[in-house]
Amino acid sequence: MTVDELLKQARNLSEEIKGTEGQERYDLHQKLHRAIENIRLQGGHVPAYLRDLDLDLVDEEVEDVFDNMPV
Numbered sequence: 051m052t053v054d055e056l057l058k059q060a061r062n063l064s065e066e067i068k069g070t071e072g073q074e075r076y077d078l079h080q081k082l083h084r085a086i087e088n089i090r091l092q093g094g095h096v097p098a099y100l101r102d103l104d105l106d107l108v109d110e111e112v113e114d115v116f117d118n119m120p121v
């Protein structure tokens with residue numbers, strides 16, 4: 051895929067993620083993260099809002115792990 055195609059895919063995924071939760075949200079985040087990494091590997095510029103969304107989703111996933119830990 052070209053950088054433009056990857057950017058389009060990442061933008062579409064970011065919109066899809068807004069209305070999801072649970073496993074579906076996690077799965078879409080994994081696709082978004084791969085698209086962002088591929089953009090970077092091809093020398094493309096990743097918009098700040100996509101980087102921020104990726105980091106926010108990572109934070110959510112880490113928090114979910116700790117929420118489910120027995121005390």
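Position in the sequence shown (from 1) plus 50 gives the number in this note's numbering. C-beta atoms are modelled at their ideal positions from N, C-alpha and C, and glycine is treated no differently.
Asked	Found
E71 - DSSP class collapsed to helix/strand/coil	coil
Same chain, Cβ closer than 6 Å to R101, five either side skipped, listed in chain order	none
Distance between beta carbons of L82 and D114, contact taken as under 8 Å	Contact flag wrong, Cβ pair sits at about 17 Å.
Alpha helix (DSSP H) segment containing V108, residue limits	A98 to D117
Reduced DSSP category for H95 - H, G, I as helix; E, B as strand; rest coil	coil
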